[in-house]
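Beneath this line is the structure, given in structure tokens, with notes to follow.
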Amino acid sequence: MQNIFKLLALLSLVLSFGHTATIDSSIVKIYTVSKSTNYLEPWNSSVGRSSGSGSIISGNRILTNAHVVANETFIEVKKYGDTKRYQAKVLEVSHDTDLALLEVEDKDFFKGTEALTFGVLPKMQDKVTVYGYPMGGHTISVSTGIVSRIEHNRYAHSGKRFLAIQIDAAINPGNSGGPTISNGKIVGVVMQGITFSQNIGYMVPVDIIQHFLKDVEDGKHDGFPKLGIMTDKIENPSLKKYYKLEEDAGGIIVVDIVHNSILKDVLMKEDIITAIDGHKIENDGTVEFRENQYTHFKYFIDLHQYGDKVSLEVLRKGKKVSLTAVLPKTSSPERSTYSQLEYDKMPTYFMLGGYVFSPITQNLLNASGNPVLGLRYSATKFPKKDKQELVVLLKVLASSHSRGDYGISMWHVEKVNGKEFKDFKEFYKLVTTTKDKFVVLEDEDGAKVVINKEEALASEKELLQRYSIKAYKSDDL
């Protein structure tokens, strides 16, 4: 009997080793050369190098983080147990959820590897193992921990909120993009940690990964449905009485609806959404996604793809209404906010005689030390049908005809020669095609900046040479 127990123990050890070896062979180190953009000097960029981790999944694809390969100019990958680097390229990317798929043209790379499969959303206190190539060494690293929290959280790469899993496994730079494994299957992708914390890390959960993979099956990334509504909690007792909401009832109130919202023909302002797909919304705007576990109400929207139907229970002027929203088959190309993060491109800009103009992006706001609180507040608003971008006079380069304007920066341009514009390209067209002697710019208060167009154009070549600028406008113009 004792010999049988020894044999079973040895067999268990062999199986465990074989299982680990299979996972190790599917873990990839990713080397990225990327272009770092400068939104304060949009014609300038620098090159940086970094590394991350990834895992091989079905279809000879590598799953990793979007931030591992963002703004890439050249990517190489190396698998466990091999010293050779193979060139790779981005197949699909979701910057919102910090996920990316890579492909390697040389199929020899995948010899001796086995695609990892996906598990299910883990539970609290489930044990997980993190694989990757973090700082501190060159070989593969494995660390273990438990699931300590599951809720919506802000993804550092995009600033958007999605379901995230907090784990206490050691996560360091270089771990990003590596898989989190439970019972031999991927249950998440490592994405970020909290600086100066003790083992607080976050991973993109398997539900988000599966949504991304299903979304890109048709070769087009639509992302998660954006509702295009502004909501608020309705916890205050007086507010509940005002809207004829029962004291123990929950819900969220619709404060505003963007012009191109997918719910614009379904919802009205001051509607109170009390349930999504039959799931009750609580007083604090959360929903129960597991017994006694709550997260943001958006959870049950995030489960849907574009083209699905969503059922809503609404209290409208004190009366209960059941509504059905049909999500469009593809996402809208229009912007959801004025200040969005950009990736994988150089900044857009245009210069007229040293006056440098740029559209407002979150990248520019993040880079600028200028408070311009009014502009930053405006940038958070919903775009309108006839106003899709905000434009600023970014800076003024010194020249004989721009004296007195050197101190202008981040100045919001509302009109060109009395005309409003929809976006930056329309602004650019108004400035370059005007036959007037002066280009007169106005802000929202009517203050003016005046540029002599003939003098500005005449100085352009000299200014480009003086400030080592290759072109007076970005390539996308």
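Taking mature numbering (1 follows the signal peptide of the UniProt record, and there is no 0), I'd label the letters of the sequence shown as residues -21 to -1, 1 to 456. Idealized CB from N, CA, C, for every residue including glycine. Quick caveat, the model's predicted, so the values are computed rather than measured.
Each of 320, 333 and 413 was checked against the Cα of residue 20, and the nearest Cα belongs to 333.
Cα atoms of residue 240 and residue 433: separation of roughly 44 Å, rounded to the nearest angstrom. Taken atom to atom, the span from the alpha-carbon of residue 142 to that of residue 431 is near 53 Å. In this structure, residue 94 places its C-beta atom within 8 Å of the C-beta atom of residue 5.
Residue 406 and residue 364 have their C-alpha atoms some 16 Å from each other. Around the C-beta of residue 11, 16 or more other C-beta atoms lie within 10 Å, and the residue is accordingly described as buried. Within its own chain, the residues whose Cβ lies closer than 6 Å to the Cβ of residue 330, once the five positions on either side in sequence are excluded, are 451, listed in chain order.
In its chain, beyond the 5 residues on either side, 253 have a beta carbon closer than 7 Å to the beta carbon of residue 228. If you keep only unbroken alpha helix (DSSP H) runs of at least 4 residues inside the stretch 22 to 86, you get 45 to 48. DSSP places residue 347 in the coil class of the three-state scheme, outside both helix and strand. Contiguous beta strand (DSSP E) elements confined to the stretch 352 to 399 occur at 370 to 375 and 390 to 392, taking only those with 3 or more residues.
Per DSSP, residue 312 lies in no alpha helix (DSSP H) segment and is marked neither H nor E. Out of 29, 111 and 170, the CA that lies nearest to the CA of residue 44 is found in 170.
Exclusion of the five residues before and after residue 416 leaves 431, 432 and 433 as the residues of its chain whose Cβ lies within less than 8 Å of its Cβ. Comparing alpha-carbon positions, the option among 76, 34 and 179 lying closest to residue 188 turns out to be 76.
Residues 451 of the same chain have their beta carbon placed closer than 7 Å to that of residue 443, with the five preceding and five following residues left out of the count.
When secondary structure is reduced to three states using DSSP, residue 131 falls in the strand class. Boundaries of the beta strand (DSSP E) harbouring residue 233: 231 to 236, taken from the DSSP string. Rounded to the nearest angstrom, the gap between the Cα atoms of residue 243 and residue 127 is 38 Å. With fewer than 16 other CB atoms across the displayed protein chains lying within 10 angstroms of its CB, residue 117 is exposed.
The criterion of a C-beta distance shorter than 8 Å is not satisfied by residue 172 and residue 165. When beta bridges are read from the DSSP output, residue 291 appears opposite 255 and 302. Going by C-alpha positions, residue 168 is about 50 Å away from residue 412.
Contact check for residue 263 against residue 49 fails: the beta carbons are separated by 8 Å or more.
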